[in-house]
Each structure stands twice: as structure tokens, then as C-alpha cells.
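A quick write-up on the structure given underneath.
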């Protein structure tokens, strides 16, 4: 591996600013060879929203103090949080762009929302929960 020296430049495309996955920089190495450097950004994604109880013929009301977890397509737990006294939540995690499941984790309620991550901030997510049916 060669050491690089000289002026270093960072190249960013406008798409990198939108999705924030990668950026490219380069430096000049021996014999004026440009050495590309690719780095994956590790910045937290913030998911904000509300979890509500959704029953037929009843108004939706906030579901307080319930756990929520983000799952990947292969069912890995990636981030967790709890709703507050108003049913609002904020989840933080290093999440690449893509589709995830956001699930209510409770013995009394179940619910799930599919979410599409394409920026660092995802707001106004609504998760509708239903009472768990007794067996």
C-alpha cells in the first residue's frame, strides 16, 4: 500500500447529499497517480411518528408507553424505542436506504408499518396497532 501526499479533494454528487450513503475522495500518490478513496458514511437516521390504537368504528387514540422496533428484510432488529405519553416516538439508528418493518412490541397490541428510508429524517410515520386477539 502506498502513502498518498499532496492536495486531497473530496467529490460529492447531489445524490450523495440526498441519501448519504457514500462519498468519494481522492489523493495524489507517487508518480502523480490519483488514488480513489471510497468511504461509507455512518450517520444516524431519525424516524419520528406516532403509534395509535386503530379499531373498527372507533376513533384512533394514541398508544402510550409501548415498544417499537425496526426490522430489516431478514428480520434483524436494528433500532428500538418506546412511545411517550402522547403516543409519539423517535427511533435512531444507522440505517441504509431501503424498506424496513416498524413493529409494535407489546403483549396487548400488535401493529406494523412498512417504512421506506431514503434520507436521514423520516417524519410523520403512523403505526396503527390493534388489540391482540385472545386464543
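Numbering (the working numbering), first residue to last: 1101 to 1235.
From the three backbone atoms N, C-alpha and C, an ideal C-beta is built for every residue, glycine too.
Predicted model only: the values in this text are computed from it and were never measured.
At a Cβ-Cβ threshold of 8 angstroms, residue 1195 and residue 1178 count as neighbours.
The three-state secondary structure of residue 1159, taken from DSSP, is coil.
It is roughly 6 angstroms from the alpha-carbon of residue 1182 to the alpha-carbon of residue 1168. Only residues of its own chain outside the window of five on either side were considered, and among them 1146, 1147, 1148, 1181 have a CB closer than 8 angstroms to the CB of residue 1190, listed in chain order. Under the DSSP assignment, residue 1231 falls in the beta strand (DSSP E) whose first and last residues are 1221-1231. Here residue 1198 is exposed, its C-beta having fewer than 16 other C-beta atoms within 10 Å. Straight through space, the alpha carbons of residue 1231 and residue 1222 are spaced by roughly 26 angstroms.
Around the C-beta of residue 1158, fewer than 16 other C-beta atoms lie within 10 Å, and the residue is accordingly described as exposed.
Taken in chain order, the complete beta strand (DSSP E) segments of 3 residues or longer contained in the region 1175-1226 are 1177-1182, 1188-1193, 1198-1205, 1209-1217.
A direct Cα-to-Cα measurement between residue 1162 and residue 1176 gives close to 27 angstroms. Of all alpha-carbon atoms in 1200, 1205, 1186, 1211, the one lying nearest the alpha-carbon of residue 1217 is that of 1200. The C-beta separation of residue 1170 from residue 1226 comes to about 15 angstroms, leaving the pair out of contact by the 8 angstroms criterion. Its chain contains 1144, 1145, 1170, 1178, 1179 as the residues whose beta carbon lies nearer than 7 angstroms to that of residue 1193, once the 5 sequence neighbours on both sides are disregarded; these appear in chain order.
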